[in-house]
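Quick notes on the structure that follows.
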Amino acid sequence: MIIMTYNPYSLEGKTVLVTGASSGIGQSTAIECSKMGASVILTGRNEERLSLTLEKLEGTGHSMIVANLDDETEIEKIVEMASQLNGCVCNAGIGLGTKPAVFYKKKELEQIFTTNTISSILLLKGLVKRKKLINPSSVVFTSSIEGNAITTIGNGMYGMSKAALTAYAKTVALELAPKGIRCNVVTPGMVKTPLTAPTGELTQEQLDADAAKYPLGRYGNPQDIAWGIIYLLSDAACWITGTVLKIDGGITLV
Amino acid sequence: MEELVSKLSEILEVDNLDVTKKFTDYEEWDSLAGLSILALLDSDYNTTMSGKEVAAFDSIEAFCKEVLSRQ
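Chains as they are written, first to last, in our numbering: chain V, 178 to 431; chain P, 17 to 87.
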């Protein structure tokens, strides 16, 4: 007899906080987590877009916290308002376009590191100090193949911020292991999200040609990354910490 | 115009830039040069263009005139 309820990948009964949940990978992760049975706490800067994500969630018990992670007091607000968590997806991130290294500005460097790296570090610090992550629990960071597995002209600021996030995740994985808090990273390849939508710098033709280079024939969809994140959140990954899961359609093999 | 041409020469690493030529006529024209010009427009001339627009100018002179007309 097949036991239909057997599913080690289920998030049934778990509460998961997702940052950057109003669009892209964060939104998809929130939706897929809800489909896998989790109660999801959404955070993001834009109340309207966050509400739209909330409406798309399946099941009940979800909530949202409007907050700007660039602001330390707002991080504190999230920590304060969050219930006990089984999972946290540190996903919020920005790109500042492509720019050669000799044109970097201090302000831009500060901005990208604040949003892509420091905000997640401070959020996790707060959650741990306030004992909001239970034992066992799982934290997943959305990094990127950029800066971790590949280097491309003009993407240095983004790559640095994501590589720093990965380095941090490994350290904190080691430090939080005794508390039963697993910390892992996903490094997506190019995923179709508002962050990677065609801008003036790259034409649709250039993007199509780039997508064709992927061994699996296309750019990623946000869901492709969400499913990897769900695996790392689930009990199926209970003996995995400090790992970097590449979800990239095979592009780093080329 | 002279200052802009000088900056473009530096980006393309060409000593005597012939402004009657197109950017794409230069073998030094590549993605890094293109990105550098976009960044230059943003940082020094407070204006933006797409890479496609920059490459499409009939001459570097025409590009310079367009940039300076926006000042």
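Built from N, CA and C at the ideal position, the CB exists for glycine as well.
Every value quoted in this text rests on a predicted model; they were computed, and no experiment measured them.
In whole angstroms, give me the CA-to-CA distance for residue i and residue j.
i, j, result
"Lys233/V", "Ser211/V", "9 angstroms"
"Ile218/V", "Gly67/P", "40 angstroms"
"Glu251/V", "Glu18/P", "49 angstroms"
"Lys282/V", "Gly274/V", "13 angstroms"
"Gln204/V", "Ser216/V", "14 angstroms"
"Thr206/V", "Gln400/V", "7 angstroms"
"Thr418/V", "Asp74/P", "56 angstroms"
"Lys284/V", "Met334/V", "12 angstroms"
"Ser52/P", "Met337/V", "19 angstroms"
"Val21/P", "Ser59/P", "16 angstroms"
"Lys191/V", "Asp41/P", "60 angstroms"
"Ser200/V", "His239/V", "17 angstroms"
"Leu48/P", "Glu69/P", "16 angstroms"
"Asp247/V", "Pro365/V", "23 angstroms"
Use the C-beta contact count for residue i: other C-beta atoms within 10 angstroms, 16 or more gives buried, fewer gives exposed.
i, result
"Ala386/V", "exposed"
"Glu209/V", "buried"
"Asn312/V", "exposed"
"Trp45/P", "buried"
"Met367/V", "buried"
"Ala354/V", "exposed"
"Val431/V", "exposed"
"Cys360/V", "buried"
"Cys265/V", "buried"
"Lys423/V", "buried"
"Thr196/V", "buried"
"Lys302/V", "exposed"
"Cys267/V", "buried"
"Gly122/V", "In the structure displayed, chain V extends from 178 to 431; residue 122/V sits before or after that span and is not available."
"Pro277/V", "buried"
"Ala55/P", "buried"
"Leu84/P", "exposed"
"Ala389/V", "exposed"
Applying a beta-carbon distance threshold of less than 7 angstroms, which residues of chain V neighbour residue i?
i, result
"Lys88/P", "One cannot answer for residue 88/P here, as it falls past the ends of chain P, which runs 17 to 87."
For a cutoff of 8 angstroms on Cβ pairs, would you count residue i as touching chain P?
i, result
"Thr230/V", "no"
"Ile330/V", "yes"
"Phe318/V", "no"
"Phe280/V", "yes"
With a cut-off of 8 angstroms, does the C-beta of residue i fall near any C-beta of chain V?
i, result
"Ala71/P", "no"
Show which residues of chain P have a CB atom less than 7 angstroms away from the CB atom of residue i.
i, result
"Lys276/V", "Leu51 and Ala55"
Starting from the beta carbon of residue i, find every residue of chain V whose beta carbon is closer than 8 angstroms, and list them in chain order.
i, result
"Ser47/P", "Ile330 and Gly331"
"Ser59/P", "Phe280 and Lys282"
When you measure from the CB of residue i to every non-hydrogen atom of the ligand PLP, does any distance come out below 7 angstroms?
i, result
"Met334/V", "Only the bare structure without any ligand can be found here, which leaves the ligand PLP out of the picture."
3 or more residues per run - each beta strand (DSSP E) lying fully within the segment 184-244 of chain V:
192-195, 216-221 and 240-243
Within the segment 297-378 of chain V, ranges of the beta strand (DSSP E) (whole runs, at least 3 residues): Listed in chain order, the complete beta strand (DSSP E) runs (minimum 3 residues) inside the segment 297-378 of chain V are 310-319 and 358-365.
Open item on the list: Quick check on the DSSP output: what are the complete alpha helix (DSSP H) runs of length 4 or more inside the segment 42-82 of chain P, in order along the chain?
Closed with: 47-60 and 67-72
Segments assigned alpha helix (DSSP H), at least 4 residues, entirely inside the segment 251-290 of chain V: 283-290
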